[in-house]
Amino acid sequence: MAAARRGRTLVVVDEATGEVVEKKREERVNHAFDGKGFTLEGHGAEISNYALNLSGTEWDVIDWMKQGGGCAHPVRLDPVDVAPVLCSSPNTIKSSVARLLKLHILLRIGGPRSATYQLNPRRFWEGSGQDHVKAFARLDPPAIKPDAKALATALKAAQKATSTAREAEEAAHEAQEAAPGSKLATKTRATADATRASALLALQTAHNLGAELPLHLRRYLQEVTK
1340 MAAARRGRTL
1350 VVVDEATGEV
1360 VEKKREERVN
1370 HAFDGKGFTL
1380 EGHGAEISNY
1390 ALNLSGTEWD
1400 VIDWMKQGGG
1410 CAHPVRLDPV
1420 DVAPVLCSSP
1430 NTIKSSVARL
1440 LKLHILLRIG
1450 GPRSATYQLN
1460 PRRFWEGSGQ
1470 DHVKAFARLD
1480 PPAIKPDAKA
1490 LATALKAAQK
1500 ATSTAREAEE
1510 AAHEAQEAAP
1520 GSKLATKTRA
1530 TADATRASAL
1540 LALQTAHNLG
1550 AELPLHLRRY
1560 LQEVTK
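At position 154 of the sequence shown (counting the first as 1) the number is 1493 in our numbering, and the numbers step up by one without a gap.
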């Protein structure tokens, strides 16, 4: 009986004429859905937020925008009003907003002197899929882009991690020659492996951001990946 119910086709019938009335279907975007909105944080080929060396205040501004509805709608952000809320100064908020604009995490809505912003819908969104598509068409948001600060920080981290990895590799080699198979040799080898993995990750992060790796870092990257 349950199978019979599943096989039935339900239609709307005009009682006066007996005519089957077809319900008009609205054209919808394929990934749209009915129901409450959702908060989306986009991940993919673009650069991750944590790789951009954001300051604490810059993270706070992003969170303030989220709480204020800035994932789906323009929000007015006045540094004088926002600074006390974020326990900061108006100048710090202003510089944080300027950097987030440069990174394309924030988009300015309106003219060049407008104080209204929205989080980039390529990275942040709250609402239906259909409205998300409309926001893309309206805003034409640019991809997240690293600035000089992010590139310099990533390169510095890669250089430091590579230096640490080389020192750990030398220590492991010396321990193995002095006492093959000893606890010290095993421990130093584990440390060398861990630091090499960290160095590889730091180098890949800098490379993916678009930083120009010096020759010695490129050579080390080739050594550990061949």
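Just so you know, even glycine gets a beta-carbon here, dropped at the ideal spot from N, CA and C.
In the DSSP annotation of this structure, the continuous segment of the beta strand (DSSP E) that includes Leu1446 starts and ends at 1445-1447.
Using a Cβ distance threshold of 8 Å, Pro1413 and Ile1448 count as a contacting pair. With 16 or more other Cβ atoms from the protein chains shown falling within 10 Å of its own Cβ, Gln1457 counts as buried.
Note on Tyr1389: under 16 other CB atoms within 10 angstroms of its CB, so exposed under the neighbour-count rule. When the alpha-carbon of Ala1500 is set against those of Ala1545, Gly1409, Phe1463, Gly1520, the nearest one is in Ala1545. Non-local beta-carbon contacts of Arg1415 in its own chain, meaning distances under 7 Å to residues more than five positions away in sequence, involve Ala1454, Thr1455 in chain order. Sixteen is the threshold: when 16 or more other Cβ atoms of the shown chains lie within 10 Å of the Cβ of Thr1396, as they do, the residue is buried. The beta carbon of Asp1417 sits closer than 8 Å to the beta carbons of Ala1454 from its chain, once the five residues preceding and following it are set aside; these are given in chain order. Taking the Cβ atoms as the reference, Asn1459 lies roughly 6 Å from His1443, within the contact range of under 8 Å. Less than 8 Å separates the beta-carbon of Trp1403 from that of Val1421.
If you keep only unbroken beta strand (DSSP E) runs of at least 3 residues inside the stretch 1433-1499, you get 1445-1447, 1455-1458, 1463-1466. According to the DSSP secondary-structure assignment, Arg1415 is paired through a beta bridge with Thr1455. In the displayed model, Val1360 falls within a strand according to three-state DSSP.
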